[in-house]
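Student: Residue numbers (the working numbering), protein chains in the order written: chain A, 4 to 376; chain B, 4 to 376; chain C, 4 to 376; chain D, 4 to 376.
Mind having a look at this structure? Questions to follow.
4 protein chains.
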Amino acid sequence: MSSTFGTHIRISVAGQSHADAIGVIIDGLPAGFPVDMEALSAFMGRRAPGQNRFSTTRKEADAPEFLAGLLENVTTGAPVMAVIRNTNTRSSDYDNLRDVPRPGHADLTAELKYGGFQDVRGGGHFSGRLTAPLCIAGGIALQMLAEKGIEIFSHIRAIHGVEGEVPDYTPLSLPALRAIAQKPFPVWDDGQGEKMQAEIDRARQNADSVGGIIETAVFGLPAGLGTPMFSRMEGRLSAAVFGVPAVRGIAFGNGFDAAELYGSENNDSFYYDTDGTVKTRTNRCGGTLGGITTGMPLVFRAAIKPTPSIGREQESIRLSKKTAETLIVTGRHDPCIVPRAVPVMEAVTALTVLDALYDHDMNWKKGEKENGK
Amino acid sequence: MSSTFGTHIRISVAGQSHADAIGVIIDGLPAGFPVDMEALSAFMGRRAPGQNRFSTTRKEADAPEFLAGLLENVTTGAPVMAVIRNTNTRSSDYDNLRDVPRPGHADLTAELKYGGFQDVRGGGHFSGRLTAPLCIAGGIALQMLAEKGIEIFSHIRAIHGVEGEVPDYTPLSLPALRAIAQKPFPVWDDGQGEKMQAEIDRARQNADSVGGIIETAVFGLPAGLGTPMFSRMEGRLSAAVFGVPAVRGIAFGNGFDAAELYGSENNDSFYYDTDGTVKTRTNRCGGTLGGITTGMPLVFRAAIKPTPSIGREQESIRLSKKTAETLIVTGRHDPCIVPRAVPVMEAVTALTVLDALYDHDMNWKKGEKENGK
Amino acid sequence: MSSTFGTHIRISVAGQSHADAIGVIIDGLPAGFPVDMEALSAFMGRRAPGQNRFSTTRKEADAPEFLAGLLENVTTGAPVMAVIRNTNTRSSDYDNLRDVPRPGHADLTAELKYGGFQDVRGGGHFSGRLTAPLCIAGGIALQMLAEKGIEIFSHIRAIHGVEGEVPDYTPLSLPALRAIAQKPFPVWDDGQGEKMQAEIDRARQNADSVGGIIETAVFGLPAGLGTPMFSRMEGRLSAAVFGVPAVRGIAFGNGFDAAELYGSENNDSFYYDTDGTVKTRTNRCGGTLGGITTGMPLVFRAAIKPTPSIGREQESIRLSKKTAETLIVTGRHDPCIVPRAVPVMEAVTALTVLDALYDHDMNWKKGEKENGK
Amino acid sequence: MSSTFGTHIRISVAGQSHADAIGVIIDGLPAGFPVDMEALSAFMGRRAPGQNRFSTTRKEADAPEFLAGLLENVTTGAPVMAVIRNTNTRSSDYDNLRDVPRPGHADLTAELKYGGFQDVRGGGHFSGRLTAPLCIAGGIALQMLAEKGIEIFSHIRAIHGVEGEVPDYTPLSLPALRAIAQKPFPVWDDGQGEKMQAEIDRARQNADSVGGIIETAVFGLPAGLGTPMFSRMEGRLSAAVFGVPAVRGIAFGNGFDAAELYGSENNDSFYYDTDGTVKTRTNRCGGTLGGITTGMPLVFRAAIKPTPSIGREQESIRLSKKTAETLIVTGRHDPCIVPRAVPVMEAVTALTVLDALYDHDMNWKKGEKENGK
């Protein structure tokens with residue numbers, strides 16, 4: 004619970020925005036897996052600030068230092084521990100922050116919960132910076148899943164109401180899906196992507212911010228993954244996805260749109276593909292039925308709220324005096340964190356899927372039907 | 004995991020639609036709480052079929068039998084075990100069901116996962132009937148929360164695109180919110196409720212089905228509940244809510260709408276109320292910041308898909324022959340399960356909140372500031 | 004936690020000695036396993052009272068009723084729920100018990116913990132009767148393990164200081180080990196068994212009781228089971244074994260005797276067996292090194308205290324008056340529960356081993372060395 | 004699981020003997036607790052090598068570096084992350100170790116489990132060195148417990164069969180118990196301590212090793228701690244204690260001796276103390292009944308095997324050639340690790356007790372009896 008996650012592959016995340024370091028322990032990784040450090044670094048880079056014109060220009064050197072668990076970059080079976088040193092740990096000018104909570108941030112609730120002992124600097128443990136250790140763990144998970152033929156693709160589906168085209172999630176789209184990660188603005192449809200970027204520009208010019216929607220698709224999942232009720236793929240994934248700051252909603256397949264359809268419109272018909280596997284003609288369910296994977300791509304969307312840090316005057320309070328106070332959040336902040344959250348969605352999805360893969364059944368009766376997976 | 008849930012208050016659910024019984028063990032309930040059996044029965048009744056003209060007329064006597072854990076209806080501290088006998092357990096006419104999976108149901112994925120050993124009758128362990136044991140546990144949790152001044156209100160927010168008015172979640176609305184549970188069609192705005200019911204009627208007449216959206220509000224939560232990252236209230240609640248069949252999405256506060264607003268529009272301003280507590284002028288965040296409660300009502304919506312069982316011909320497959328097959332789902336089925344899912348939302352929310360209440364911090368330093376809760 | 008156990012195969016136990024029923028939900032069992040009900044009944048019978056002259060002659064009809072999870076006695080993949088009805092649920096003559104706690108029982112601590120709301124009748128949830136549901140779950144686990152070639156043998160190692168001979172845990176002993184379960188007094192060495200029984204007789208004649216030591220050996224475990232630190236086989240097994248009432252100690256291999264040996268005497272030498280597998284010449288470590296199985300039999304002992312219920316006057320207190328009080332425990336009680344605890348040790352061991360078997364690693368790199376298991 | 008522990012206060016341990024670092028993340032610590040770094044350092048020092056003439060003279064600078072979770076040494080509510088850099092990480096001369104497993108160590112089982120990918124240097128993640136991070140976490144827990152009036156005392160109870168006197172665990176003994184931690188050889192009875200040290204000397208002179216028994220007593224526990232069945236204090240503590248390498252057995256109260264007593268000898272009589280609290284005249288049960296604390300000191304013993312690393316020729320195998328091989332373990336090794344394991348026992352006990360304290364019940368009914376704690 005809290006900053007720990009997973010049953011078989013368990014991660015424990017620590018750190019605050021301005022602590023000496025942020026880090027993660029990953030317990031349960033199998034031995035013998037060679038981590039591709041270059042690929043991991045490239046993956047981490049997609050989350051790093053300064054990647055495009057919408058992200059803060061603060062410099063962060065987010066190179067993970069692996070302190071344990073690897074031997075010449077190969078997993079040993081022992082827990083993997085990695086840390087990222089924070090270079091900006093000066094404590095100045097946070098006294099006001101402790102006293103005047105920023106709207107939309109956890110400043111107030113942390114004060115209420117931790118009674119004034121929380122680390123307020125940069126949002127402390129609630130900072131988006133804590134998604135970096137998630138990306139270390141998730142980046143390794145992505146590499147492991149790739150070995151099993153499982154690929155995860157997240158992209159920006161909408162910014163401030165400007166929606167991109169819906170990808171056609173068939174094997175034919177795989178090259179195009181793989182190409183998204185290379186784009187500075189990771190979107191399926193570059194034309195709409197331009198319009199989305201215009202929205203972000205406009206927000207920045209107004210010292211404001213915008214949010215958006217990230218869509219994630221998982222290809223190559225075996226059918227039969229997930230278990231009924233509280234370990235449905237939906238429940239597991241949402242527990243992970245809400246671990247990412249600023250997520251306000253999650254929806255699988257056609258999601259909230261399903262609530263507006265007739266059953267006859269919403270059900271996905273079954274058929275046998277030429278290779279003898281069962282498929283669904285449509286994938287409105289998003290790749291799960293009863294919380295268990297069908298073998299079709301698992302698809303979900305997450306809503307990301309606009310960055311709460313804005314350079315405009317906002318109404319707040321002064322805790323020490325119990326008075327009203329106005330506040331302008333200073334410093335450089337992303338007018339939209341959606342682009343940087345894209346790899347984070349891939350990371351937490353990968354961790355969830357990897358964990359779920361360990362749930363498979365064993366076969367207990369020789370000579371009888373093998374269990375699903 | 005699987006059909007178990009919770010850290011402090013742990014429930015384990017068992018049963019299939021046509022097994023001898025369905026049931027639940029609730030471990031961790033405190034001793035000395037007198038369960039109001041009449042209130043529990045009334046709560047269970049809201050979920051039972053046959054309550055209104057939209058639910059199946061199959062007769063179910065869903066009276067829970069408490070086999071252990073209570074003494075004269077008072078909790079003893081020992082695990083509470085309750086079962087509901089299934090009266091309809093005949094096995095006839097399910098051979099076809101095993102061979103021709105129903106679109107939109109877990110029939111196919113259960114077959115893929117359990118290799119033909121699953122109980123297909125009535126959906127087996129995937130049946131909506133399994134929400135009855137959730138309501139036993141959740142019904143007790145609701146009573147316990149009421150003792151602490153915490154109330155949970157779910158209502159139908161939309162049916163097939165027809166939306167109800169948004170309640171004004173202030174203490175002034177409490178009488179009206181409390182009255183919803185007494186309505187045969189639990190909606191805030193009866194005028195819109197009539198239109199929603201017309202949608203359901205139309206679906207039924209067409210041998211079709213519709214879905215909708217349920218909104219849930221929790222009043223009286225202490226501020227400071229929840230913990231960062233993976234035990235945020237959002238993550239916990241979504242893990243529970245996706246345990247309910249047919250849920251396709253969940254969104255907190257303004258949810259997916261947040262993705263269409265500017266930060267300056269989406270942030271909730273802080274102010275001091277006349278009683279000295281901090282409040283937010285709006286509650287777009289839905290009562291949490293950083294996953295921790297603000298003390299304002301916690302509000303979320305869940306999307307429910309249209310009942311997959313429809314009396315229309317659908318395209319499926321015959322597993323034994325690996326051929327295409329058409330299917331008409333026979334028997335009586337709710338054209339819309341949203342009304343019956345309303346108390347279930349209250350139940351899983353109550354279980355989650357009760358569990359989270361046990362997470363509070365202890366104070367370790369005399370003479371210093373008390374921790375938040 | 005509490006009355007729940009396991010990570011992959013999770014059991015949740017409920018019931019009190021005099022509740023309507025005791026029962027268990029077993030979540031996570033694979034689908035397709037045919038439970039041999041006759042064998043299960045025979046296994047349950049070994050725990051039942053009245054098996055030999057040392058156990059209480061109270062009549063208990065401990066036939067489990069399977070309410071869910073099985074279809075024609077075959078596991079469906081859904082949670083298995085089984086209950087045993089209590090026939091003796093009358094509430095008379097327990098008022099004194101609530102007021103005058105029995106020494107050596109949980110009466111006092113339950114009163115302190117549950118504040119007078121606990122079910123005192125027959126020890127409530129703390130009763131040894133709660134080992135019956137453990138035997139339902141464990142009995143199924145034993146059958147599943149047998150399919151994988153894993154056998155578990157418990158026997159009485161000592162009664163009141165009279166020790167039996169140490170079995171030679173080699174494959175040659177398997178027929179003799181298998182025969183123990185058929186004995187009314189399950190001991191390796193019948194000669195010493197007679198002397199042990201004489202000890203029990205003497206205790207009974209003196210309205211007193213005796214305890215003893217149960218030794219358990221697991222044959223056929225794969226090498227490489229268990230994980231470092233807190234999921235060592237020792238830690239897992241002890242967490243399960245202390246779930247059985249009256250256990251006061253557990254020791255693996257030569258246990259406390261290891262503390263009296265030189266390292267040169269205590270280490271087990273490695274050698275290659277003729278079949279090419281690595282073995283140890285001795286098995287002082289009890290089949291684990293670093294908490295991970297060696298492939299040799301896993302052996303441990305558990306100390307069982309004498310039955311606290313004795314027909315002799317004991318010094319206690321009267322809670323209502325805060326005065327001293329003497330007490331004679333009436334009713335029929337086993338002068339020694341060790342014989343009936345033997346199958347319970349097999350049950351909890353089986354559940355632990357089955358759970359651990361699900362922990363195995365997956366192989367992530369084609370063309371490279373396969374992981375241990 | 005694995006190298007993670009705890010429900011409310013969760014620790015995750017990482018590191019190998021020769022990795023860059025060993026470390027721990029502690030999740031769930033309450034905010035506002037000022038860690039006394041000097042006291043922590045002194046506590047860590049008791050575990051460090053080179054403290055007395057029996058421990059290895061290898062130099063280890065085990066000063067923990069706190070990377071996150073503290074602000075000016077005060078807990079913030081965020082997870083605490085601490086690491087200890089390993090100074091000796093050179094990889095030479097371990098090739099032989101990988102090929103010729105040391106008897107009594109995890110070398111072979113790690114090879115079987117991790118397929119040659121484990122870090123063999125110094126025992127890798129199985130090294131006793133991993134108890135240092137446990138002491139960081141446990142040292143903080145001890146400080147927190149002290150604030151609640153709970154004190155934990157471990158001492159050497161026996162070395163190689165030489166037993167010390169049994170302490171009289173009454174409040175009168177507290178000064179003497181507190182003094183043990185200051186002794187270079189932490190024993191209750193210095194006279195017997197001299198004889199124990201002579202045993203260690205003799206072993207060292209013979210290039211051999213000895214084990215022993217550590218006894219731990221917890222004072223100041225509230226009555227009513229622990230829960231039935233699988234969260235009994237015994238089960239929780241044993242799961243933690245077996246997390247320490249070389250532990251072979253654990254016994255509560257009179258432990259295995261209980262198996263040799265009559266019930267009339269073993270039961271502890273109740274009486275009212277002058278302060279109105281219930282006590283037991285004796286404490287053979289070791290402070291728990293039914294797994295729940297009585298309020299008397301909780302007492303248990305753990306058996307520690309002799310150090311498997313000995314400077315004598317031992318019989319092993321050469322894995323690469325599948326042949327027999329003899330082995331002499333070189334390097335400096337403690338002839339007895341019992342003295343250094345004493346604070347580790349205190350550490351894991353403190354972590355378990357702290358976690359259990361969070362389990363308390365809430366009171367749900369105003370005007371009614373308060374629950375036990």
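Heads up, the beta-carbon is just placed ideally off N, CA and C, and yes, glycines get one too.
Predicted model only: the values in this text are computed from it and were never measured.
1. Whole angstroms are fine: how far does the CA of THR291/D sit from the CA of TYR172/D?
2. Could you check how far apart the C-beta atoms of CYS2/D and GLY258/D are, in whole angstroms? I think they sit under 8 angstroms.
3. Just tell me which of PRO187/B, ALA66/B and MET40/B has its CA closest to the CA of VAL341/B.
4. Give a single yes or no on whether GLY164/A has its beta carbon closer than 7 angstroms to a heavy atom of the ligand SAH.
5. Let's test the definition: count the other Cβ atoms within 10 Å of the Cβ of ARG132/C and tell me whether it reaches 16, buried, or not, exposed.
6. Going by the beta-carbon positions, is the gap between GLN243/B and PHE8/B smaller than 8 angstroms?
7. Answer with yes or no whether the minimum CB distance from TYR274/C to chain B is below 8 angstroms.
8. Under 8 angstroms by Cβ, that's how I've got ILE217/B and MET348/B pegged, so tell me the actual separation to the nearest angstrom.
9. Using C-beta distances below 6 angstroms, list every residue in its chain close to LYS198/C, excluding the 5 sequence neighbours before and after it, in chain order.
10. Report back the beta-carbon spacing between ALA17/C and ASP65/C to the nearest angstrom; my notes put them in contact at under 8 angstroms.
11. Could you list which residues in chain D have their beta carbon closer than 7 angstroms to that of THR10/B, in chain order?
12. Identify each residue in the region 311-330 of chain A for which the Cβ-Cβ distance to at least one residue of chain D is less than 9 angstroms, and report them in chain order.
13. Could you check what DSSP says for ALA249/A in three-state terms: helix, strand or coil?
14. Please name the residue in ALA34/D, SER6/D, SER44/D and ALA81/D whose C-alpha comes closest to that of ALA24/A.
15. For GLU168/B, which three-state DSSP category applies?
16. Which one or two residues does DSSP pair with ASP30/C in a beta bridge?
17. Run the CB neighbour count on THR310/A, radius 10 Å, all protein chains shown included, and call it buried at 16 or more, exposed below.
18. At what residues does the alpha helix (DSSP H) containing THR112/C begin and finish?
19. Just to make sure I have the definition right: I need the residues of chain D whose C-beta is within less than 7 angstroms of the C-beta of PHE129/C. Which are they?
20. As a quick exercise: from ARG321/C, ALA113/C, PRO104/C and PRO33/C, pick the residue whose alpha carbon is nearest that of VAL77/C.
21. Hey, would you say SER323/A sits closer than 8 angstroms to ASP102/A, going by beta carbons?
22. Using the C-alpha atoms, what's the distance from THR79/A back to LYS325/B?
23. Which residue wins for smallest C-alpha separation from ARG315/C, given the options ALA306/C, VAL332/C and GLY127/C?
24. Would you mind sorting THR90/A into buried or exposed? The rule is 16 or more other CB atoms within 10 Å of its CB.
25. Does the beta-carbon distance from PRO300/A to ALA220/A come in below 8 angstroms?
26. By the three-class DSSP mapping on this structure, what secondary structure does LEU330/C have?
27. When the cut-off is 8 angstroms and only beta carbons count, does ASP122/A lie next to chain D?
28. Compare the Cα-Cα distances from VAL38/D to each of ARG49/D, PRO67/D and HIS21/D and report the closest residue.
29. Based on DSSP bridge pairs, tell me the residues matched to LYS282/B.
30. Excluding the 5 residues preceding and the 5 following GLY152/B in the sequence, name in chain order all residues of the same chain whose CB lies nearer than 7 angstroms to its CB.
31. At 4 residues or longer, what runs of the alpha helix (DSSP H) sit wholly inside the region 143-192 of chain A?
32. Please check if any C-beta of chain B sits within less than 8 angstroms of the C-beta of THR7/D.
33. Of all Cβ atoms in chain B, is any one closer than 8 angstroms to the Cβ of TYR117/C?
34. My output table needs one value for MET84/C: the three-state DSSP class, helix, strand or coil.
35. In this structure, how does DSSP classify THR134/A when only helix, strand and coil are distinguished?
Tutor: In this structure, then:
1. 15 angstroms
2. As shown, chain D starts at 4 and ends at 376. That puts residue 2/D outside it, with no answer to give.
3. It is PRO187/B.
4. Absent from the structure shown: the ligand SAH. Ligands present: none.
5. Its Cβ being crowded by 16 or more others within 10 Å, ARG132/C is buried.
6. Inspection of the sequence shows that residue 243/B is occupied by Ala rather than by Gln. Yes.
7. no
8. 5 angstroms
9. Within the same chain, VAL165 come within 6 angstroms of LYS198/C by CB-CB distance, once the 5 residues on both sides are set aside.
10. By a beta-carbon distance limit of 8 angstroms, ALA17/C does not contact ASP65/C. Their separation comes to about 15 angstroms.
11. THR10
12. none
13. The DSSP-derived three-state label of ALA249/A is coil.
14. ALA81/D
15. coil
16. ARG13/C
17. buried
18. Its alpha helix (DSSP H) spans residues 110-117.
19. PRO231 and GLY293
20. PRO33/C
21. yes
22. 45 angstroms
23. Of the candidates ALA306/C, VAL332/C and GLY127/C, the one whose C-alpha sits nearest the C-alpha of ARG315/C is VAL332/C.
24. So THR90/A counts as exposed.
25. Yes, these two residues count as a Cβ contact at 8 angstroms.
26. strand
27. yes
28. The candidate whose alpha carbon is nearest that of VAL38/D is PRO67/D.
29. According to DSSP, which records beta bridges pairwise, LYS282/B is partnered with TYR274/B.
30. GLY223
31. 177-183
32. no
33. yes
34. Assignment of MET84/C by DSSP, reduced to helix, strand and coil, places it in the strand class.
35. helix
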